[in-house]
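What follows is a set of notes on a single structure, which appears directly below.
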Amino acid sequence: MILAVATLRFFLKKAPKWAPCALWAVVALRLVCPVSFESMFSLIPSAQTVSRSAITGGSFDINSGLNAIDAPFNAYFGKYAYESAGELGGTGGGLTELLPWVWLTGIAVMLMYAVISYLKLYRRVKPSLHVRDAIWICDDIKTPFLLGIARPRIYLPSAMDELQRAYIIAHELAHLKRRDHWWKPLGFLLLAVYWFHPLIWLAYGLFCRDIELACDEKVVCSMEKGDRIAYSEALLSCSVSGKKRMACPLAFGEVGVKERIQSVLHYKRPAFWVVAVSVCTCVAVAVCF
Numbered sequence: 000m001i002l003a004v005a006t007l008r009f010f011l012k013k014a015p016k017w018a019p020c021a022l023w024a025v026v027a028l029r030l031v032c033p034v035s036f037e038s039m040f041s042l043i044p045s046a047q048t049v050s051r052s053a054i055t056g057g058s059f060d061i062n063s064g065l066n067a068i069d070a071p072f073n074a075y076f077g078k079y080a081y082e083s084a085g086e087l088g089g090t091g092g093g094l095t096e097l098l099p100w101v102w103l104t105g106i107a108v109m110l111m112y113a114v115i116s117y118l119k120l121y122r123r124v125k126p127s128l129h130v131r132d133a134i135w136i137c138d139d140i141k142t143p144f145l146l147g148i149a150r151p152r153i154y155l156p157s158a159m160d161e162l163q164r165a166y167i168i169a170h171e172l173a174h175l176k177r178r179d180h181w182w183k184p185l186g187f188l189l190l191a192v193y194w195f196h197p198l199i200w201l202a203y204g205l206f207c208r209d210i211e212l213a214c215d216e217k218v219v220c221s222m223e224k225g226d227r228i229a230y231s232e233a234l235l236s237c238s239v240s241g242k243k244r245m246a247c248p249l250a251f252g253e254v255g256v257k258e259r260i261q262s263v264l265h266y267k268r269p270a271f272w273v274v275a276v277s278v279c280t281c282v283a284v285a286v287c288f
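Following numbering that gives the first Met the number 0, the residues of the sequence shown are numbered contiguously, the last one being 288.
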């Protein structure tokens with residue numbers, strides 16, 4: 000499903016930027032939900048492809064629903080597969096017991112990294128000056144960002160250009176309205192749980208790009224060409240190193256700066272049929288998976 004969503008992103012270039020975010024939400028649901036919903040339209044094989052009786056029976060019989068595949072497999076390979084599995088059944092016990100601890104250690108390291116990064120950043124912004132509402136000014140940061148889950152705050156560098164400040168505040172407020180300060184930590188939590196899977200790292204990286212693109216679109220949708228150019232200049236001046244992406248909070252210039260600038264400068268309001276196709280695509284992906 001991650002590969003499907005990553006591929007669909009290339010075909011949704013003209014679609015509203017919230018569409019890829021909705022697809023990543025479906026991916027997250029698949030990763031979180033402990034049960035699987037079956038459908039006649041699903042691309043996922045049947046949950047009963049390998050029956051429980053295969054463990055105690057005399058062969059591995061499969062039932063994928065496609066008789067053209069099931070019959071020859073069960074007739075020629077089922078019995079031999081069972082016998083081979085029986086011969087190897089006594090090996091690997093130590094590895095089987097070790098792997099859960101490796102997995103838990105990986106989760107602990109990921110979460111510890113996130114907590115330490117958060118505490119270090121919180122210590123840097125602690126002496127900040129309150130301006131208004133949730134906006135704070137800090138001398139010890141170089142790029143603006145949104146920090147916090149329960150009580151999020153927008154932190155701005157004290158040396159920031161006054162002309163750029165309005166665009167940056169608008170972007171961070173868009174993050175607040177979209178609740179991205181909740182969704183991104185949830186994405187990192189899923190990354191910590193599935194740290195061993197390379198596609199989860201791909202999904203998290205693309206998800207971080209897509210929430211930034213969605214926020215940019217929300218801000219610039221009512222801007223004129225001149226304002227979009229100024230917004231792009233602010234984005235370029237606040238870009239940060241890619242090394243800070245994973246544990247960094249919602250920073251203004253965090254990821255995909257080049258792609259975001261191109262999207263802002265060439266923004267056009269999506270036509271109704273494009274929005275309709277985007278909605279249908281999201282529904283189709285949810286049903287098929």
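Quick reminder that beta carbons are idealized off the backbone N, C-alpha and C, glycines included.
Just so you know, these numbers come straight off a predicted model, no measurement behind them.
Looking at the structure shown, is residue i part of a helix, part of a strand, or coil, going by DSSP?
i	result
W135	strand
V192	helix
A270	coil
L87	At L87 the pLDDT is 49, less than 50, meaning the model places this residue with poor confidence; the figure from the coordinates comes in the next sentence. Residue state, collapsed to three classes: helix.
F36	coil
H170	helix
K16	coil
E223	coil
H265	coil
L212	helix
R178	coil
D69	helix
L201	helix
F288	coil
A5	helix
Have a look at residue i and residue j and give me their C-alpha separation to the nearest angstrom.
i	j	result
L190	K183	10 angstroms
L87	N73	Bear in mind that a pLDDT of 49 at L87, under 50, signals an unreliable position, so the number given afterwards is only what the model happens to contain. Using only the alpha carbons, I get a separation of about 20 angstroms.
Y166	M222	11 angstroms
L172	R131	13 angstroms
Q163	P156	11 angstroms
M0	C279	16 angstroms
K16	Y230	17 angstroms
D69	V25	31 angstroms
F40	A3	16 angstroms
H174	S35	31 angstroms
W272	C32	32 angstroms
V108	L188	12 angstroms
Taking the DSSP output, what are the residues bridged to residue i?
i	result
I153	I134 and L145
V129	The amino acid at residue 129 is misidentified as Val; the sequence shows His. Beta-bridge pairing links H129 to W135.
Tell whether a beta-carbon distance below 8 angstroms holds between residue i and residue j.
i	j	result
P21	C207	A small fix is needed here, since residue 21 is Ala in this sequence, not Pro. For A21 and C207, no; Cβs fall outside 8 angstroms.
K168	I134	For the sequence presented, residue 168 should be read as Ile rather than Lys. Cβ atoms of I168 and I134: closer than 8 angstroms.
R177	C214	yes
Y121	C137	no
R8	L205	yes
G93	F195	no
W23	D160	no
A5	L201	yes
Taking the alpha carbon of residue i as the reference point, which residue from the options has its own alpha carbon closest?
i	options	result
L235	L103, C32 and K141	K141
A149	E37, R123, H180 and F288	H180
V192	W102, S231 and P19	W102
R268	L128, A158, K13 and F288	K13
G147	L118, H170 and L11	L118
A27	G186, H265 and R227	G186
Comparing the C-beta of residue i with each C-beta of chain C, is any distance below 8 angstroms?
i	result
L128	In the structure shown, chain C does not exist; there is a single protein chain.
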